[in-house]
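Final position of the sequence shown in the working numbering is 554; the numbers increase by one with none missing. Beta carbons: idealized from backbone N, C-alpha and C, even for Gly. Small disclaimer: the values here were computed from a predicted structure and weren't measured.
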Amino acid sequence: VLAAPPLAAQSAEVVALVGGAVIDGTGAAPLVDGVVVVDGDRIVCAGSRDACAVPDDAEVVDVSGRYVTPGLVDAHVHFSQTGWLDGRPDGLTAEEYPYDETAEALEAEPERWAQSYLCSGITAVFDVGGHPWTTRLPARFEDDPTAVHVRAAGPLITHARVPALQVDDEVYTFLPMGSADEARESARRVAEMGAGAVKVWYLGVGPERAPAMDAALAAVGEEARAAGLDLIVHATGLREAKAALRAGAFLLVHSVEDQFVDDEFLEMLVAGETIYAPTLTVGANWSRAISSVVLDRAAGIDDPNGCVDADTREKVAATTMLRDDMNSRLLDDAEYVYRRMRAAGRSEAIMAENLRRVHEAGGVIATATDAGNPMTLHGPSIYAELEAMQAAGLTPSEVITLSTLNGARAMRREADFGTLAGGKIADLLVLGQDPTQDVRAFRTVEHVMRAGELHSMAELAAAAGRR
C-alpha cells in the first residue's frame, strides 16, 4: 500500500515518488531505490536519491517494492469504434444496433474510452482513423488529467467502397481515392479538418489497377507533406506495404501478414525511418467476436482491473439477442468460423516472424492494438498485445521501449512524454511487479499518474466501469 493516499498526492504541487525501481523507457536497466520528483504537471527529476533531491515541501509517496514506468502509448486505436460488432456494421450487420445511433453515442461521449485507457495504464493514444469529430479530441483531452493525450488522423482515404460506415455527409469514415486527382482532394479535405496525419486504407488490388492506385497513394503522400502532415497507411500485404514506403509513409499501422517481409522491404523501412505498428492480436479478436455470436457463447473479457464500461460488457454478453437479430448467412456456416480461425492462426505466425525480422533489421516498432475493433477493447487489450510481442521473441525491456518511447515517437510527442526524464509531462505508472522480467506485470498497475495527478486503480475503475 502506498504511504501517501492518492488524494493527498493529487492535491500537492510537488510530489516525490520514493523508493521504487525506476524504469525510464529508454531500455536502460531499472534504477533500484529511485526517486521521481514531480512539480505540477512536469517531471523535475527521475533518478537516484543522490541525483534527485526531494524538496522539503514535497508530498512524499513511498513506492518501495514497486516499479515506476512511463505511461503506455497505444499507437493504433479508433475512438469511433466500440470494441464490439455494433461499431463495425461492415463486418456483420444487426438491426438491433442501428449504426446511426451507435455513431451518435460515440460522438456524444468519447470520455468513456479515454477513461478506460487511463484505467489500463495507457496515457496516450494515436487515433489512426475515424469520424471527423475525432480530430477535435487532441485539444479536448490534452490538458485533462482524467483523459489521455490523443493524436488523430480523421477520416481514412481509400479506393474501397464501404457504405455501411458512411452515415451521412457529416458522419463518415472514408473519403475516396479513385484517381490521383480525387486522392489529392481527399487529402486536402482531411488537412482542412485539422487532422494530425493523413491515413490511407490501402487494400490489395488486382494487377490491372495497381499502378493507378499506387499513383493515387503517392499523390496522397505528396499532399500530406505539403500540408505538413505525416502519411500513415493500412497495408497488410507486402506489395501494398512497399507501395506505402515508396509513397513516404511515416507509419505502417499494421503488420505485413500475407507473407514474410523481404530484404527490399526492410531496407526501405529502415532507410525511411518508417515506424512499424504490429497489431498482432486484432485478427484473432475479430474471430473470437464472430465465433461468440455463431456459437451463442459470450467471449471472455480480459480486463484484470475492471476498466471496461458496463454498456460494452452487456453487449458482449448478449450473443443470443445478436444472433437472432443478425442477418447473415455466415451465422449458419460453421465452416466459416473454422476457415477464419485457421487463417488467423496462419497470419499470426507470419506477423510474429515479420516482427522479429523488422526488429533484427533495426526498424522502429511501436506497440499498437487497433482498439475499437470487436473484442479489441479500448484499454485492456494492450496487455495481450504486449504479451504477444514478448512471445514473438522480443525481450520485456524491448517491449517496454516499444510501448512508451516508440509510441511517443509515433505520435510525434517524444519531447513531451514516453520516458521518465526531467522536463517531460508527468505521465507514469506504479506497478506491483517487475515488467523487465515479464510484461504481464503491466496487469498489476496500482496507480496511474497523468499530468502530475496520481490516481488509484479503484478510482479509475470506478470512473470507467460505471458508464
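Beta-carbon proximity list for residue i, same chain, < 7 Å, skipping 5 on both sides
i, result
"residue 207", "392, 394, 466, 467, 469"
"residue 96", "In this predicted model, residue 96 has a pLDDT of only 40, less than 50, meaning its place in the structure is not dependable; the value taken from the coordinates is given anyway. Hits under 7 Å: 102, 146, 148, 541."
"residue 438", "342, 344, 365, 367"
"residue 92", "Because residue 92 carries a pLDDT of 42, less than 50, the predicted location of this residue cannot be relied on, and the following value inherits that uncertainty. Contacts found: none."
"residue 194", "218, 220"
"residue 471", "368, 389"
"residue 403", "171, 385, 386, 388"
"residue 281", "222"
Collapsed DSSP secondary structure at residue i in the structure displayed
i, result
"residue 541", "strand"
"residue 487", "helix"
"residue 524", "coil"
"residue 289", "coil"
"residue 380", "helix"
"residue 132", "strand"
"residue 408", "helix"
"residue 398", "helix"
"residue 369", "helix"
"residue 186", "helix"
"residue 146", "strand"
"residue 533", "strand"
"residue 221", "helix"
"residue 336", "coil"
"residue 176", "coil"
"residue 444", "helix"
"residue 117", "coil"
"residue 352", "helix"
"residue 110", "coil"
"residue 98", "Because residue 98 carries a pLDDT of 49, less than 50, the predicted location of this residue cannot be relied on, and no value is offered for it."
"residue 392", "coil"
"residue 88", "Residue confidence is low: residue 88 scores 42 on pLDDT, short of 50, so the model does not pin down where it sits. Its coordinate-derived value is still stated next. Coil, per DSSP."
"residue 296", "coil"
"residue 212", "strand"
"residue 464", "coil"
Reference residue i; option with closest CA among the options
i, options, result
"residue 519", "150, 111, 445, 546", "150"
"residue 253", "401, 474, 191", "191"
"residue 365", "283, 446, 385", "446"
"residue 390", "161, 185, 532", "532"
"residue 35", "521, 341, 235, 128", "In the structure displayed, the chain extends from 88 to 554; residue 35 sits before or after that span and is not available."
"residue 298", "274, 329, 410", "329"
"residue 164", "510, 398, 508, 369", "369"
"residue 185", "435, 409, 267, 287", "409"
"residue 432", "449, 345, 276", "345"
"residue 535", "527, 498, 545", "545"
"residue 294", "276, 326, 248, 430", "326"
"residue 377", "177, 221, 270", "177"
"residue 162", "223, 339, 229, 290", "339"
"residue 144", "126, 459, 407", "126"
"residue 399", "459, 351, 337, 381", "459"
"residue 237", "473, 530, 499", "499"
"residue 196", "215, 224, 182, 492", "224"
"residue 187", "137, 210, 255, 244", "255"
"residue 232", "331, 528, 198", "198"
"residue 215", "189, 137, 249, 261", "261"
"residue 347", "324, 116, 273, 363", "324"
Residues of its chain near residue i, where Cβ-Cβ distance is below 8 Å and the 5 sequence neighbours each way are ignored
i, result
"residue 259", "218, 219, 242, 252, 253"
"residue 278", "285, 310, 311, 314, 316"
"residue 265", "246, 303"
"residue 507", "109, 110, 111, 112, 123, 130, 133, 155, 156, 157, 515"
"residue 230", "538"
Cutoff 6 Å; reference residue i; Cβ partners in own chain excluding five residues on either side
i, result
"residue 139", "122, 124, 132"
"residue 484", "114, 523"
"residue 476", "486"
"residue 134", "none"
"residue 375", "386, 462"
"residue 448", "353, 357"
"residue 153", "107, 517"
"residue 83", "Not covered by the structure: residue 83. The range shown for the chain is 88 to 554."
"residue 141", "103"
"residue 270", "264, 303, 306, 307"
"residue 210", "158, 235, 514, 537"
Nearest-angstrom beta carbon gap, residue j and residue i [assumed within contact, 8 Å]
i, j, result
"residue 356", "residue 335", "Rounded, the Cβ-Cβ distance is 12 Å, inconsistent with contact."
"residue 537", "residue 205", "6 Å"
"residue 480", "residue 494", "About 20 Å; that fails the 8 Å criterion."
"residue 521", "residue 108", "7 Å"
"residue 512", "residue 489", "Residue 512 to residue 489, Cβ: 20 Å. No contact."
"residue 288", "residue 321", "5 Å"
"residue 497", "residue 213", "6 Å"
"residue 552", "residue 128", "That belief does not hold up - the Cβ atoms of residue 552 and residue 128 are roughly 26 Å apart, past 8 Å."
"residue 526", "residue 464", "18 Å between Cβ atoms; not a contact."
Beta carbon proximity, residue i to chain C, threshold 9 Å
i, result
"residue 345", "No chain C appears in the structure shown, which is made up of a single protein chain."
Spell out a yes or no on whether the region 159 to 178 and the region 105 to 120 are touching, meaning 3 or more CB-CB pairs, one atom from each, closer than 8 Å.
no
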